[in-house]
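Asker: Numbering (this note's numbering), first residue to last: 23 to 433.
Please find one structure pasted underneath; my questions will follow.
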Amino acid sequence: MRANELYQSGARKSVNQLSFVNDTPAFCILLVEKDNLIAGRFSALVPSDTSVVRFNNVKDAGRWLSNTKEVDLIIVEENAFNVLLPKVRNNPSWQHVPVLVACFSLNKQLIAAAIKARATDLLVLTENDQDIRITINNYLDLNKRVLSVPPVSKKPVSVVFSMPLWKRGIDVAVSLTALLLASPVMILTALFIKLDSKGPILYKSLRIGANYKEISMYKFRTMKVQADQLISQMSDQNIYAKKPTAEVMDEDTRCTDCKLKGVVCQQPLFDQDKTICEKVYQAKLDDNAKFMKFRNDPRITRLGGFLRNSSIDELPQLFNILFGDMSLVGNRPLPPYEAEQLTTNLAAERFAGPAGLTGLWQVKKRAKGKGPVSDEERIALDIEYARTFSFKTDMYIIWKTIFSVWQKENV
């Protein structure tokens, strides 16, 4: 490994640049750091097959970037990232390159500034060389894997689900007939809602339907005005809520590994203005329920409970079915905050089927004595319907729905 290598052309030496170059480097790191001791520490921690090109100012680093085609990772000191990052992120050639901001400690101002500048991560210079080495190696490997992925085809994506003609025919015929027959009930319901509480008669809700398409789903209003603002305070009443793990319940925001070592957290994040270990934060996300349904929901109006138990509140969705947003039978359209939880390829498969007024999971567990459906069971039933729906299946679900609509919901 050689030090003080000449600038790229080899024509002259520069006090602003030091290169630590392997004869046949597999990776190249650009280091912007004024402190010689810190620069030397980085050069000693990188893999043996990695070259480190160091500058002590952003101007020369930017000039070097404009004349090179190979760089796998950029490490920039805390006082220089605000100047360097715009140059990197605004250049299509370097947008994919991870940029680590080297710092001695974390604070909210630094984290906010790094996020705004689109830094990849903050590299805390602790006394533990192994932690720094692991972080550098992880990002070098990450960039290598990202670049190995073939580019996404620009061809238009084919539609995953297309409504069969027989199903659309049933939807139009049934929804028109039902609207005519139910119109007296709907008119009376609208009048009672107006007398019962302040607010609109209908509630329009943004939902995610088939093929992840956004739709406006209509219901008779059963909740108080601005009820959605109370959701964050009601997580303990969610029937899908999971019991928190011991690590999440502990008030100590460090993970188990850090506690056993008796050290401060080595992977700190900020969550709601509090420092929290990345592992504990991930555990909190894993414990969050993917669906929401509340016991003794305080948001529901006096009339709303009856409308829900009798499913009368669902009648305006007949217009959604008539207009083609939904089908009579299908997977329930989900609110965006629930849909975004289903990010795995398997879970997302539920959106490859029709969105519907009633579905397989609604009728599977209505029988007396059966417990509530878990997240996993509900997703599995949605996927089963998306894969296997047929005329026979739809008739079975409609039949079961008719005889269960007046039963107390146990799902």
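Just so you know, even glycine gets a beta-carbon here, dropped at the ideal spot from N, CA and C.
These numbers come from a predicted model, not from an experiment.
#1: Could you spell out the range, first to last residue, of the beta strand (DSSP E) harbouring G378?
#2: Comparing alpha-carbon positions, which option in N79, I96, W86 and G62 lies nearest F49?
#3: Which of the three DSSP states, helix, strand or coil, is assigned to Y418?
#4: Residues in its own chain within less than 7 Å of R324 by CB, not counting five upstream and five downstream?
#5: So, is F242 buried or exposed, given that buried needs 16 or more other C-beta atoms within 10 angstroms?
#6: Starting from the C-beta of N79, find all residues in its chain whose C-beta is less than 8 Å away, skip the five residues before and the five after it, and write them out in chain order.
#7: When the Cα of F345 is compared with those of R229, L198 and W383, which residue comes out closest?
#8: Are I405 and R372 closer than 8 Å when you measure CB to CB?
#9: Looking at the strands, I want to know which residues DSSP matches up with M348.
#10: For A195, is the classification buried or exposed, using 16 other Cβ atoms within 10 angstroms of its Cβ as the cut-off for buried?
#11: For F103, report the span of its alpha helix (DSSP H) as first-last.
#12: Thinking just about the alpha-carbon of each residue, which of L144, K226, S115 and L67 is nearest to the one in L128?
#13: In this structure, how does DSSP classify L21 when only helix, strand and coil are distinguished?
#14: Hey, out of A134, R190, R321 and L122, whose CA is closest to T157's CA?
#15: CB-CB under 6 Å to R155, same chain, minus the five flanking residues each way: which ones, in chain order?
#16: Taking DSSP's pairing of strands, which residues face K226 in a bridge?
#17: Is it buried or exposed, G375, if we count other Cβ atoms within 10 angstroms and call 16 or more buried?
#18: Taking a contact to mean a Cβ-Cβ separation below 8 Å, would you say L87 touches V98 in this structure?
#19: Give the DSSP bridge partners of L52, in chain order.
#20: Is the CB-CB distance between I230 and A361 below 8 Å?
#21: Would you mind working out which of L203, L213, L147 and L364 sits nearest I401, comparing C-alpha positions?
#22: Run through the DSSP bridge pairs and tell me what I322 is partnered with.
#23: Measuring alpha carbon to alpha carbon, tell me which of E236, F126 and I424 ends up nearest E149.
#24: Which class does N129 belong to by DSSP, given the choice of helix, strand or coil?
#25: State the beta-bridge partners of V123 as determined by DSSP.
#26: Taking the continuous alpha helix (DSSP H) assigned at A195, which residues delimit it?
#27: Should P355 be labelled buried (16 or more other beta-carbon atoms within 10 Å of its own) or exposed?
#28: Return the CA-CA distance between S396 and L228, expressed in angstroms with no decimal places.
#29: Return the CA-CA distance between T380 and A200, expressed in angstroms with no decimal places.
#30: Tell me the DSSP bridge mates of L356?
#31: Start and end of the alpha helix (DSSP H) containing L87?
#32: Give the single residue among V247, M348 and V74 whose Cα lies nearest to the Cα of R190.
Answerer: By the coordinates alone:
#1: Position 356 of the sequence shown, counting from 1, holds the residue named residue 378. Counting along the chain, the beta strand (DSSP E) containing G378 begins and ends at G378 to T380.
#2: Translated into positions along the sequence shown, residue 49 becomes position 27. The shortest C-alpha separation from F49 is found at I96.
#3: Here residue 418 is taken as the residue at index 396 of the sequence shown, counted from 1. If DSSP states are grouped into helix, strand and coil, Y418 belongs with the helices.
#4: As a working note, residue 324 is residue 302 in the sequence shown. Cβ within range, chain order: D218.
#5: In the sequence shown, counting from the first residue as 1, residue 242 sits at position 220. F242 comes out buried.
#6: As a working note, residue 79 is residue 57 in the sequence shown. These residues qualify, in order along the chain: N38, V54, K56 and A102.
#7: One-based indexing of the sequence shown puts residue 345 at position 323. Ranking R229, L198 and W383 by Cα distance to F345 puts L198 first.
#8: Working through the sequence shown from its first residue, we reach residue 405 at position 383. Working through the sequence shown from its first residue, we reach residue 372 at position 350. Yes.
#9: Start at 1 with the first residue of the sequence shown, and residue 348 comes out as number 326. BP columns for M348 are empty, so no partner.
#10: Within the sequence shown, residue 195 is the residue found at index 173, counting from 1. So A195 counts as exposed.
#11: For this step, residue 103 is matched to residue 81 along the sequence shown. Start and end: F103 to R111.
#12: Numbered from 1 along the sequence shown, position 106 holds the residue referred to as residue 128. It is L144.
#13: Beyond the ends of the chain as shown, which are 23 and 433, falls residue 21; an answer cannot be given.
#14: On the sequence shown, position 135 is the one that residue 157 refers to. Looking at the Cα atoms, L122 is the closest of the given residues.
#15: Translated into the one-based positions of the sequence shown, residue 155 becomes position 133. Around R155: L67.
#16: For the purposes of this step, residue 226 is taken as residue 204 along the sequence shown, with counting starting at 1. Paired residue(s): Y240.
#17: Numbered from 1 along the sequence shown, position 353 holds the residue referred to as residue 375. Buried, by the Cβ-count rule.
#18: Against the sequence shown, residue 87 aligns to sequence position 65. Against the sequence shown, residue 98 aligns to sequence position 76. Cβ distance not < 8 Å, so L87 and V98 don't count as in contact.
#19: What you label residue 52 is simply residue 30 of the sequence shown in a count that begins at 1. Answer is V75 and I96, bridged to L52.
#20: The residue labelled residue 230 in the question sits at position 208 within the sequence shown. The residue labelled residue 361 in the question sits at position 339 within the sequence shown. A contact, by the Cβ cut-off of 8 Å.
#21: As a first step, residue 401 is located in the sequence shown; it is residue number 379 there, counting from the start. Checking every option, the nearest Cα to that of I401 belongs to L364.
#22: On the sequence shown, position 300 is the one that residue 322 refers to. Answer is M245.
#23: Along the sequence shown, one-based indexing puts residue 149 at 127. Closest by alpha carbon: F126.
#24: By 1-based counting over the sequence shown, the position of residue 129 is 107. Coil, per DSSP.
#25: Reading the sequence shown from its first residue, position 101 is the one you call residue 123. Paired residue(s): V98 and L144.
#26: Taking the first residue of the sequence shown as 1, we reach residue 195 at position 173. A195 -> alpha helix (DSSP H) spans L187 to D218.
#27: Taking the sequence shown and counting its residues from 1, one reaches residue 355 at position 333. So P355 counts as buried.
#28: Position 374 of the sequence shown holds residue 396. Position 206 of the sequence shown holds residue 228. One C-alpha to the other measures close to 24 Å.
#29: Along the sequence shown, read from residue 1 onward, the residue named residue 380 stands at position 358. Along the sequence shown, read from residue 1 onward, the residue named residue 200 stands at position 178. Roughly 15 Å separates the two Cα atoms.
#30: The residue you call residue 356 lines up with position 334 of the sequence shown. Per DSSP, I230.
#31: Taking the sequence shown and counting its residues from 1, the one referred to as residue 87 is at position 65. Unbroken alpha helix (DSSP H) run through L87: V80 to S88.
#32: Here residue 190 corresponds to residue number 168 of the sequence shown, with the count starting at 1. With distances taken between Cα atoms, R190 lies closest to M348.
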